[in-house]
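Novice:
Pasting the structure below:
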């Protein structure tokens, strides 16, 4: 009898081999093969239903294997390698390899403290470039606790069901991508390294899970660099799925796993990446609002000139709207040259004068031939002009604008004095306090805020320049920038003299393009009169 089923094709091949294998003439072998071949036909057929039924019956007749451990039996022997069966027995008994070893537990605690100390160091303002907000610290703490608890739970469940590795069922990329979008890539990198390391040291991860989690987290930390649309998060999910699949494949090969483990492991690894991208897309909007975070996606949405607030600015104060757009162009160009955040500067410039909407006729860019300030005292005029900063802050907070944008609105005039009305008051009053004519803000504390202040000053002042030439324009912009510097408005902004020179050149290039029809360029030597 045969233990395998002979197929029709294999039977015919065997007949050919037998007929040609003897010492018969070729013609006789061909004749025999031709006569016998029609008599070979199928008499065995495969039935998937019957097969499934018999498999089920066979399984039902098999009694479950129960291993009973009596009191006093040795569960595991010291010094021997711990197998998966050993781990299953330990889990079933509710035992831990470290419970009876105080030295091991103490070592784990010390190493965990070292890992968390390293994590805290990576979140130092000198490393990530800024101080984390309290709400951001709370979010990181929650993510860390949830991840480590999930890692411990997954390690118990996965070992019990013999899956591999447990980190495949943890959303490591999600836990990393949220800080990447909300707090920046440096914070995300700290999370991507520290959390898998902490899970490994605590015993929740085996080496395979640690490698997988580290690879998934590192990809998640940098996959969103340059992303500008929320749908890029979905694309990132596909890329993480691909990276997870390759990482899982490498882990399986390193562990010399059974080939039967490859398909389910790679499937779950890919599903992990896809689900992380989807969950980030869902969790991000409420977290942006809760943390009042200045994310790239939110800034791009705020920079849309069709937003309700900017449309209202256009209709109620068209001169201010035009001024704000030009300021945004100037600030964007300068920030790009000095390496500051272009989006924050652009959005801050768009919204910096929204406080003028309630009384647009009192600001010169919205006036035609009639000036309302001619009817009121200089002190009252200064009060009206100063109020647009406070009104702008109130509107920005009601809109829920990010703190960085609110700060630009508050700081775009600093605490400088409104010199026109101050000088006018000096002519009419004997004693005038300069603080009564000063803006209520403070000097800019960031590069972006300082650049918007300079762009606002330059754009408003350059309108008064008659018959501008390139030389006069450069000198005029230089004087305006140095005036703000001498007033102490730039001391807290971290701008260097090299930055100020770069900003001046950027402003001049943009203004030259804006006023190109009015600017008289210097003549070349051939055109100069003899």
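Residue numbers (my numbering): 2 to 531. C-beta atoms are modelled at their ideal positions from N, C-alpha and C, and glycine is treated no differently.
Could you check if residue 171 is buried or exposed, using at least 16 other CB atoms within 10 Å of its CB as the buried criterion?
Specialist: With 16 or more Cβ atoms within 10 Å of its Cβ, residue 171 is classed as buried.
Novice: Report the residue from 192, 514, 500 and 446 whose alpha carbon sits nearest the alpha carbon of residue 493.
Specialist: 446
Novice: Is there at least one Cβ from chain D nearer than 9 Å to residue 188's Cβ?
Specialist: Checking the listed chains, one finds no chain D in this structure; it contains a single protein chain.
Novice: Any idea what DSSP makes of residue 428, helix, strand or coil?
Specialist: helix
Novice: Shortest alpha-carbon distance to residue 323 belongs to which of 335, 353 and 299?
Specialist: 353
Novice: Does DSSP put residue 418 in a helix, in a strand, or in coil?
Specialist: In the structure shown, residue 418 sits in a strand (DSSP, three-state: E or B).
Novice: Grab me the residues of residue 417's own chain with a C-beta within less than 7 Å of its C-beta, minus the 5 sequence neighbours each way, in chain order.
Specialist: Counting only Cβ-Cβ distances below 7 Å, and skipping sequence neighbours, we find 439, 440, 488 and 490.
Novice: Pull up the distance between the alpha-carbon of residue 348 and that of residue 208, whole angstroms please.
Specialist: 46 Å
Novice: Classify residue 64: buried if its beta carbon has 16 or more other beta carbons within 10 angstroms, exposed otherwise.
Specialist: exposed
Novice: Could you please give the first and the last residue of the uninterrupted alpha helix (DSSP H) stretch that includes residue 493?
Specialist: Counting along the chain, residue 493 falls outside any alpha helix (DSSP H), and DSSP gives it neither H nor E.
Novice: On the criterion of 16 or more Cβ atoms from any shown chain inside 10 Å, does residue 219 qualify as buried, or is it exposed?
Specialist: buried
Novice: Are residue 350 and residue 341 closer than 9 Å when you measure CB to CB?
Specialist: no
Novice: How about residue 195 and residue 169: do their beta carbons lie closer than 9 Å?
Specialist: no
Novice: Go ahead and pull the three-state DSSP assignment for residue 295.
Specialist: coil
Novice: From the DSSP secondary-structure annotation, give me the bridge partner or partners of residue 439.
Specialist: Paired residues: 418.
Novice: Using 8 Å for Cβ pairs, my map puts residue 426 next to residue 379. What's the rounded Cβ distance?
Specialist: 4 Å
Novice: Three or more C-beta pairs under 8 Å: does that hold for the stretch 133-149 against the stretch 261-273?
Specialist: no
Novice: Buried or exposed: which applies to residue 430, given that a residue is buried once 16 or more other Cβ atoms fall within 10 Å of its Cβ?
Specialist: When all chains shown are included, residue 430 counts as exposed.
Novice: Which residue marks the beginning of the alpha helix (DSSP H) containing residue 400, and which one marks its end?
Specialist: It spans 379-400 - the alpha helix (DSSP H) in which residue 400 sits, taken as one unbroken run.
Novice: Among 242, 256, 293 and 252, which residue has its Cα nearest to the Cα of residue 268?
Specialist: 242
Novice: In whole angstroms, what separates the C-alpha of residue 199 from that of residue 326?
Specialist: 49 Å
Novice: Helix, strand or coil for residue 178, going by three-state DSSP, please let me know.
Specialist: helix
Novice: When you compare only the Cα positions, how much space is there between residue 302 and residue 183?
Specialist: 15 Å
Novice: Determine the DSSP secondary structure at residue 273, reduced to helix, strand or coil.
Specialist: helix
Novice: Give me the residue from 393, 178 and 48 with the minimum Cα distance to residue 408.
Specialist: 393
Novice: CA-CA distance, residue 89 and residue 113?
Specialist: 26 Å
Novice: Alpha carbon to alpha carbon, how far is residue 442 from residue 367?
Specialist: 23 Å
Novice: Please determine, among 281, 256 and 270, the residue with the shortest C-alpha to C-alpha distance to residue 237.
Specialist: 281
Novice: When you compare only the Cα positions, how much space is there between residue 136 and residue 121?
Specialist: Between residue 136 and residue 121, the C-alpha separation is close to 16 Å.
Novice: Can you name, in chain order, every residue of its own chain whose Cβ lies under 8 Å from the Cβ of residue 449, other than the five neighbours on each side?
Specialist: 332, 336, 341, 342, 345, 346, 349, 405 and 409
Novice: Identify, in the order they occur along the chain, each residue of the same chain with its Cβ nearer than 7 Å to the Cβ of residue 224, setting aside the five sequence neighbours on each side.
Specialist: The residues 237, 240 and 241, in chain order, have a CB closer than 7 Å to that of residue 224 in the same chain once the five nearest residues on each side in sequence are set aside.
Novice: Should residue 1 be labelled buried (16 or more other beta-carbon atoms within 10 Å of its own) or exposed?
Specialist: Absent from the model: residue 1. The displayed extent of the chain is 2 to 531, so no value can be given.
Novice: Considering just the uninterrupted stretch of the alpha helix (DSSP H) at residue 245, what are its terminal residues?
Specialist: 233-255
Novice: Could you check the C-alpha separation between residue 130 and residue 287 for me, to the nearest Å?
Specialist: Between the alpha carbons of residue 130 and residue 287 lies a gap of roughly 25 Å.
Novice: Assign residue 457 to one of three DSSP states: helix, strand, or coil.
Specialist: helix
Novice: Assign residue 61 to one of two classes, buried (16 or more other C-beta atoms within 10 Å of its C-beta) or exposed (fewer than that).
Specialist: Counting of Cβ neighbours within 10 angstroms places residue 61 among the exposed residues, the total staying below 16.
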